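> Before anything else, here's the structure in question.
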C-alpha cells in the first residue's frame, strides 16, 4: 500500500517515484507483481532484460561401481549435474496464471498469495501478473542433482545345483532405474528440457514427464 496514493477509499494510484511493472500505470494495484527496473526509466521494458540463470551445468559426471562375491554381481551407478538452473514454466502457468487464461487450476502454493488480509510477497494477488509473457527470476530454480540411476544385481547359481537339469549356467537378475534423486527443484524431475532444441534452450520445464522409475527381472539359462 505504501507504493500508492489513495485519493478515495478503494482507489489507488501508483506514486510517480515508484517503478511500474510494464502495465498501464493507472491499472496497477496493490499486490501486483513487481520487477527490478534495471535502466531506471520507471517502467519495465525490453531494456530491463537480463541473464537470470544458467542453462548449462558447470560440471556433470557419474560413478559406476561393480562388486563381485562368489556368484553375486552388483552394479551401482550414480550420476550428477551441478551448477545449472531450470526455468519452471509450470509455475508460470499454475502459480498465479501468468498466461492469463480463464478457468485454470493452480498449484496449492498459490493459496499463499497477496490479499488485503494476507499482504505477503510470496505470490502476487489474483490477476496481478502484470503484462502477459514476462519471465523473471521468481521461476528460476536450482537444477543440481545427484541420482541413483541404476542398481543391478545378478546371481549365478552354483553348477552343482543346476547340472542335474542339464544346465551349464542359470543366472537370476533384477535391476532398477531412477530409484532416488536428491535435489532442491520443486518440479517433478530436475533432469528435464522440453524444448526441441535442447542445446540452444536447455533447462526449460513445461509439463515435462519425469524419468520413470522402472524395475526389471530376468532369467538367463544356458544348456
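In this note's numbering, the protein residues as written are -7 to 215.
All C-beta atoms in this analysis are idealised placements derived from N, C-alpha and C, irrespective of residue type, glycine included.
Bear in mind that the values here come from a model prediction, so they are computed numbers and not experimental data.
(1) Please tell me whether, using a cut-off of 7 Å, the distance from the CB of residue 148 to the nearest non-hydrogen atom of the ligand ATP is below it.
(2) Using 8 Å as the threshold, is the C-beta distance between residue 119 and residue 106 below it?
(3) So the candidates are 166, 11 and 46; which of them puts its Cα closest to the Cα of residue 67?
(4) What's the C-alpha gap between residue 97 and residue 210?
(5) Over the uninterrupted alpha helix (DSSP H) stretch that includes residue 86, give me the two end residues.
(6) I'd like the list of long-range same chain contacts for residue 74, defined as Cβ closer than 8 Å, with 5 residues on each side in sequence excluded.
(7) Should the region 127 to 136 be called in touch with the region 74 to 84, which here means at least 3 C-beta pairs below 8 Å?
(8) Measure the C-alpha to C-alpha separation of residue 35 and residue 132 and round it to an integer number of angstroms.
(9) So what does residue 6 bridge to, in DSSP terms?
(10) I'd like to check one pair, residue 163 with residue 215: are the Cβ atoms closer than 8 Å?
(11) Under a Cβ-count criterion, where at least 16 other Cβ atoms within 10 Å of its own Cβ denotes burial, should residue 122 be classed as buried or exposed?
(12) Who are the Cβ neighbours of residue 202 in its own chain at under 7 Å, not counting the five residues just before and after it?
(13) What whole-angstrom Cβ distance do residue 176 and residue 141 have, given they're in contact under 8 Å?
(14) Which first and last residues belong to the alpha helix (DSSP H) in which residue 151 is found?
(15) Using CA atoms only, rank isn't needed, just tell me which of 168, 134, 174 and 20 is closest to residue 205.
(16) Within a Cβ cutoff of 8 Å, which residues of the same chain sit near residue 72, ignoring the five residues on either side of it in sequence?
(17) Under a Cβ-count criterion, where at least 16 other Cβ atoms within 10 Å of its own Cβ denotes burial, should residue 197 be classed as buried or exposed?
(18) Let me know the secondary structure DSSP gives residue 103 once reduced to three states.
(19) Compute the beta-carbon to beta-carbon distance between residue 12 and residue 25, rounded to the nearest angstrom, for a pair I have assumed lies under 8 Å.
(20) Judging by CA-CA distance, which residue of 90, 154 and 47 is the nearest neighbour of residue 195?
(21) With distances taken Cα to Cα, identify the nearest neighbour of residue 37 among 44, 22 and 14.
(22) Considering only their Cβ atoms, is the gap separating residue 31 from residue 39 smaller than 8 Å?
Looking at the coordinates:
(1) Looking at this structure, you won't find the ligand ATP or any other ligand, since it has none at all.
(2) Reading the chain shown from its first residue, position 127 is the one you call residue 119. Reading the chain shown from its first residue, position 114 is the one you call residue 106. The answer is no: Cβ separation not under 8 Å.
(3) The residue you call residue 67 lines up with position 75 of the chain shown. Answer by Cα proximity: 166.
(4) As a first step, residue 97 is located in the chain shown; it is residue number 105 there, counting from the start. As a first step, residue 210 is located in the chain shown; it is residue number 218 there, counting from the start. In this structure, the CA atom of residue 97 is about 43 Å from the CA atom of residue 210.
(5) Locating residue 86 in the chain shown gives position 94, where the first residue counts as 1. Here the alpha helix (DSSP H) through residue 86 covers 81 to 86.
(6) Numbered from its first residue, the chain shown carries residue 74 at position 82. Only 49, 50, 51, 52 and 136 meet the Cβ criterion.
(7) Because the criterion of three Cβ pairs below 8 Å is met, the region 127 to 136 and the region 74 to 84 touch.
(8) Counting from 1 along the chain shown, the entry for residue 35 is found at position 43. Counting from 1 along the chain shown, the entry for residue 132 is found at position 140. Their Cα atoms are separated by approximately 22 Å.
(9) Position 14 of the chain shown, counted from the start, is the residue given in the question as residue 6. DSSP, once it has assigned bridges, lists -4 as partnering residue 6.
(10) In the chain shown, counting from the first residue as 1, residue 215 sits at position 223. In the chain shown, counting from the first residue as 1, residue 163 sits at position 171. Their beta carbons are not under 8 Å apart, which means residue 215 does not touch residue 163 by this criterion.
(11) Here residue 122 is taken as the residue at index 130 of the chain shown, counted from 1. Buried.
(12) Reading the chain shown from its first residue, position 210 is the one you call residue 202. Taken in chain order, the residues that qualify are 180 and 181.
(13) Residue 176 sits at position 184 when you count from the first residue of the chain shown. Residue 141 sits at position 149 when you count from the first residue of the chain shown. Actually they are not in contact, since the Cβ atoms of residue 176 and residue 141 sit about 19 Å apart, beyond 8 Å.
(14) Numbered from 1 along the chain shown, position 159 holds the residue referred to as residue 151. Unbroken alpha helix (DSSP H) run through residue 151: 151 to 154.
(15) By 1-based counting over the chain shown, the position of residue 205 is 213. Selection 168, 134, 174 and 20 evaluated against residue 205 yields 168 as nearest (Cα-Cα).
(16) Numbered from its first residue, the chain shown carries residue 72 at position 80. Close CB contacts of residue 72 within its chain, under the 8 Å cut and outside five residues either way in sequence, are with 52, 53, 54, 136, 137, 138 and 139 (chain order).
(17) Sequence index remark: in the chain shown, residue 197 carries index 205 (1-based). So residue 197 ends up on the buried side.
(18) As a position in the chain shown, residue 103 is number 111, starting the count at 1. Residue 103 falls in the helix class under three-state DSSP.
(19) The sequence position of residue 12 within the chain shown is 20, counting from 1. The sequence position of residue 25 within the chain shown is 33, counting from 1. So it is not a contact: roughly 11 Å between Cβ atoms.
(20) On the chain shown, residue 195 is found 203 positions in, with the first residue counted as 1. With distances taken between Cα atoms, residue 195 lies closest to 47.
(21) On the chain shown, residue 37 is found 45 positions in, with the first residue counted as 1. With distances taken between Cα atoms, residue 37 lies closest to 14.
(22) Translated into positions along the chain shown, residue 39 becomes position 47. Translated into positions along the chain shown, residue 31 becomes position 39. Yes, the pair counts as a contact, with Cβ atoms nearer than the cut-off.
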